[in-house]
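Visitor: Before anything else, here's the structure in question.
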Amino acid sequence: ARIISRSVATDFIRINTTRPVLDNPKVRMAMSLAIDRKLLCDNILQGNTPAGTITPNLGNYKPDPIVSYDPERAKALLAEAGFPEGRGFPRYSILISAAGSRGTVEALQAMWRQTLGIYVNIQTMDWGSYVSAQQKLEFDIALAAWSGDYLDPTTFLLMWTKGNGNNNTGWDSPQYEALLSEAAQQTDPAHRLEMFKQAERLFMEAQPILPISWRGRNYLHRPEVKGWHPLLLDNHNWGAISLEP
């Protein structure tokens, strides 16, 4: 039988917020609202679900979705930023690794062109150069992904603090870091998660990254395999799994 289950991985667009124009949160939000995530998941990223935040639902942590497909608001924000219908918008490039999903970025390229009137080139690099370019902020926009190491929001939220080696956006916020610091000192689990939700909302409203989708996993499961169940981290106890005739 085919089984589709959730994971704790998010596909997203990383923005170099030190670039002119891309340093404007209105521009970044406009680009995000112009993305039809459902269309992407239905046709290209099959098995994935549209992401409205960077962090997927993790147990009791269910962040408020911040972005969705809203082409009219996207157009209005871009006009407010000084680029009505994309006029005068710089020609930037979206970076992918050689193994990256070209179909995804071609779809994004088309959505931004059709909704906002902005054009982006596609730039492909080998994996080492792709990683290095982001670490050095020698890129404009990049297709990226992050898979959580454990089932807690911090596995997604701490990476956007200043100086974190996985940030690579040029963005930081003392207010964001203060919320994370306050959350770390909470003894009440519900209050701790609420602090994380506030931090994530602040981060998502700034849009240094544009969430695309939460990854799913596809399995083919034979009925004679007993004791196997899909897990978010895919960390199975193989000793509890058996093959029966």
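Mind the numbering: the sequence shown is residues 47 to 291 in the numbering used here, read in order.
Even for Gly, the Cβ is constructed at its ideal location relative to N, Cα and C.
Bear in mind the structure is a predicted one, so any value in this text is a computation, not a measurement.
#1: Which residue spans inside the stretch 160 to 206 form an unbroken beta strand (DSSP E) run of at least 3?
#2: Which residues bound the alpha helix (DSSP H) around Y222?
#3: How many angstroms separate the CA atom of L239 from the CA atom of A229?
#4: Is the beta carbon of I187 less than 8 Å from the beta carbon of V166?
#5: So, are the CB atoms of I112 and I255 less than 8 Å apart?
#6: Out of curiosity, what's the CA-to-CA distance linking F135 and L289?
#7: Cutting at 8 Å between CB atoms, please list the residues of its own chain near T64, excluding the five before and the five after it.
#8: Which two residues bound the contiguous alpha helix (DSSP H) that contains L239?
#9: Could you give the C-beta distance for A55 and W192, rounded to a whole number, given that I count them as a contact under 8 Å?
#10: Taking a contact to mean a Cβ-Cβ separation below 8 Å, would you say Y107 touches P199 in this structure?
#11: How should S178 be labelled, buried or exposed, when 16 other C-beta atoms within 10 angstroms of its C-beta is the threshold for buried?
#12: Throw me the rounded Cβ distance for the T99 and P257 pair, which I believe falls under 8 Å.
#13: Identify, in the order they occur along the chain, each residue of the same chain with its Cβ nearer than 6 Å to the Cβ of E126, setting aside the five sequence neighbours on each side.
#14: CB-CB under 6 Å to I164, same chain, minus the five flanking residues each way: which ones, in chain order?
#15: I'd like to know whether the C-beta atoms of L86 and L124 end up nearer to each other than 8 Å.
#16: Can you tell me whether DSSP reads P66 as helix, strand or coil?
#17: Tell me, to the nearest whole angstrom, how far the beta carbon of L226 is from that of A252; I am working on the premise that it is less than 8 Å.
#18: For D57, count the other beta carbons within 10 Å of its own beta carbon; 16 or more makes it buried, fewer makes it exposed. Which is it?
#19: Have a look at L79, D88, L104, M75 and flag the residue whose alpha-carbon is nearest the alpha-carbon of Y196.
#20: Regarding G134 and the ligand NAP, is the C-beta to nearest heavy atom distance less than 7 Å?
#21: Here's the rule I'm using: 16 or more other beta-carbon atoms within 10 Å means buried, otherwise exposed. How should G149 be labelled?
#22: Among residues of its own chain, excluding the 5 on either side of D218, which ones have a beta-carbon nearer than 6 Å to its beta-carbon?
#23: Between which two residues does the alpha helix (DSSP H) containing L85 stretch?
#24: Could you tell me which of G146, A190, L154 sits nearest to T170, measuring between CA atoms?
#25: Under DSSP, the beta strand (DSSP E) around L141 begins and ends at which residues?
#26: Over the uninterrupted alpha helix (DSSP H) stretch that includes E118, give me the two end residues.
Guide: So, from the data block:
#1: Runs found: 166 to 171, 187 to 193.
#2: It spans 220 to 230 - the alpha helix (DSSP H) in which Y222 sits, taken as one unbroken run.
#3: Taking the Cα positions, L239 is about 7 Å away from A229.
#4: Contact: yes.
#5: No, these two residues do not count as a Cβ contact at 8 Å.
#6: Their backbone Cα atoms lie some 59 Å apart in a straight line.
#7: Excluding residues up to 5 positions away in sequence, L183, G216 lie with their Cβ nearer than 8 Å to the Cβ of T64 in the same chain.
#8: That run of the alpha helix (DSSP H) goes 235 to 252.
#9: That pair is a contact at about 7 Å.
#10: Yes, the Cβ-Cβ distance between Y107 and P199 is below 8 Å.
#11: Of the residues assessed, S178 falls on the exposed side of the cut-off, its CB having fewer than 16 other CB atoms within 10 angstroms.
#12: Between the beta-carbon of T99 and that of P257 there is about 6 Å, and that keeps the pair under the 8 Å contact cut.
#13: The answer, listed in chain order, is K72.
#14: The residues are G132, F135, W158.
#15: Going by C-beta atoms, L86 is not nearer than 8 Å to L124.
#16: In this structure, P66 counts as coil in the three-state DSSP scheme.
#17: Taking a contact as a CB-CB distance under 8 Å, the pair L226 and A252 does not count as one, their CB atoms being some 14 Å apart.
#18: Flag for D57 reads buried.
#19: Of L79, D88, L104, M75, the residue nearest in Cα terms is L104.
#20: Looking for the ligand NAP in the displayed structure turns up nothing, as the structure carries no ligands at all.
#21: Flag for G149 reads exposed.
#22: Cβ neighbours of D218 beyond the five flanking positions: K208.
#23: Element bounds for L85: 83 to 89.
#24: From the listed residues G146, A190, L154, the smallest Cα separation to T170 is found for G146.
#25: From DSSP, the beta strand (DSSP E) with L141 extends over 138 to 143.
#26: Run containing E118: 117 to 126, per the alpha helix (DSSP H) assignment.
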